[in-house]
């Protein structure tokens, strides 16, 4: 039986995921607590500046595509506080208020200054931590999507590269076990149920260089994009699917994945 094998959310856009036993889908179709904060570059527009549009394309701030060393930061976000660690050392643990934002920003800046991404950060300029810590506003796309991938497809991709692939490099919300490899492609345009939530399967996810970064070391150690297209013959470097929720509800690890039609 296909089922939900793991669940993830990314409280700060571009940073490491938090594993969860359950995720709550909001009325706007987004995951509660997912991408509720972001580090913005000086010249980038925030959602408030974009006529209130609640999304933020890559390039406006820190993301793994451009700053792969970010994955070496470990993140915990709970009760209005953010804790950041690197190499077992706590770099900052702060409330998301004005003073805390400044200290979190300083900690991230110091960390990146000691990595191979230091020159890139210097070119972009000083960071600002934006977001209220509650509203899921910093997705890459204007519609609220839930992202999912199949572990069997991950295994097929890993086999083509003759390496192991930690699924966190794909930054999905939902990891599904029990589907044949690439069977999720056949679900495009159909409807599925995960836990309490019905979804329309909207589109495949075309991937970027963020998938090349090892989610532990940050090293770009796996040519995911070219393997998808040149080795596996996919027309686009797609992996996983985007889901549009019918309404709010909860998804839990172990929930069955039902195809509704």
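Numbering (the numbering used here), first residue to last: 15 to 275. For every residue, glycine included, the Cβ atom is placed at its ideal position computed from N, Cα and C. All figures in this text were calculated on a predicted structure; none of them were measured in a lab.
Residues near residue i in its chain [Cβ-Cβ closer than 8 Å; skip 5 each side]
i, result
"residue 132", "126"
"residue 187", "21, 22, 23, 37, 45, 48, 160, 161, 162"
"residue 201", "215, 255, 273"
"residue 33", "20, 21, 22"
"residue 11", "Residue 11 falls outside the range modelled here, since the chain spans only 15 to 275, and no answer is possible."
Other residues of its chain near residue i: CB distance less than 6 Å, five sequence neighbours each side excluded
i, result
"residue 91", "25"
"residue 52", "27, 75, 144, 145, 152"
"residue 210", "263, 264"
"residue 117", "106, 108"
"residue 119", "141, 143"
Burial state of residue i (16 or more Cβ within 10 Å)
i, result
"residue 10", "This structure cannot settle anything about residue 10, because the visible part of the chain is limited to 15 through 275."
"residue 225", "buried"
"residue 104", "exposed"
"residue 241", "buried"
"residue 238", "buried"
"residue 31", "buried"
"residue 232", "buried"
"residue 185", "buried"
"residue 124", "exposed"
Selected residue, minimal CA-CA separation from residue i, among the options
i, options, result
"residue 197", "83, 181, 185, 215", "215"
"residue 244", "164, 57, 174", "174"
"residue 16", "79, 115, 195, 233", "195"
"residue 84", "96, 71, 93, 100", "100"
"residue 156", "18, 44, 275, 40", "44"
"residue 160", "39, 102, 234", "39"
"residue 141", "236, 264, 58, 204", "58"
"residue 115", "102, 98, 205, 128", "98"
"residue 275", "19, 203, 117, 193", "203"
"residue 121", "23, 96, 46, 235", "96"
"residue 147", "70, 138, 30, 94", "94"
"residue 56", "20, 33, 138", "138"
"residue 270", "165, 78, 171, 208", "208"
"residue 199", "166, 212, 176, 172", "166"
"residue 235", "176, 123, 164", "176"
"residue 261", "246, 212, 247, 219", "212"
"residue 154", "70, 219, 54, 247", "70"
"residue 172", "246, 113, 102", "246"
"residue 164", "54, 102, 219", "219"
Chain-order list of residues whose beta-carbon lies under 7 Å from that of residue i (same chain, five-residue window excluded)
i, result
"residue 11", "Because the chain spans 15 through 275 in this model, residue 11 falls outside it and cannot be assessed."
"residue 192", "15, 16, 17"
"residue 130", "83"
"residue 80", "134"
"residue 78", "28, 84, 85, 224, 227"
"residue 268", "17, 18"
Supposed close pair residue i, residue j - CB separation, criterion 8 Å
i, j, result
"residue 227", "residue 168", "Incorrect: roughly 16 Å between the Cβ atoms, too far for contact."
"residue 190", "residue 217", "Not confirmed; about 17 Å, so no contact."
"residue 2", "residue 252", "Given that the chain is displayed from residue 15 to residue 275, the structure contains no residue 2 and the question cannot be resolved."
"residue 230", "residue 178", "Contact doesn't hold; Cβ gap of about 11 Å is too wide."
Cβ-heavy atom distance, residue i to the ligand SAM, below 7 Å
i, result
"residue 160", "Among the ligands in the structure shown, none appear at all, so the ligand SAM cannot be discussed."
For this session: Report yes or no: do three or more beta-carbon pairs, one from the segment 96–114 and one from the segment 250–264, lie closer than 8 Å?
Result: no
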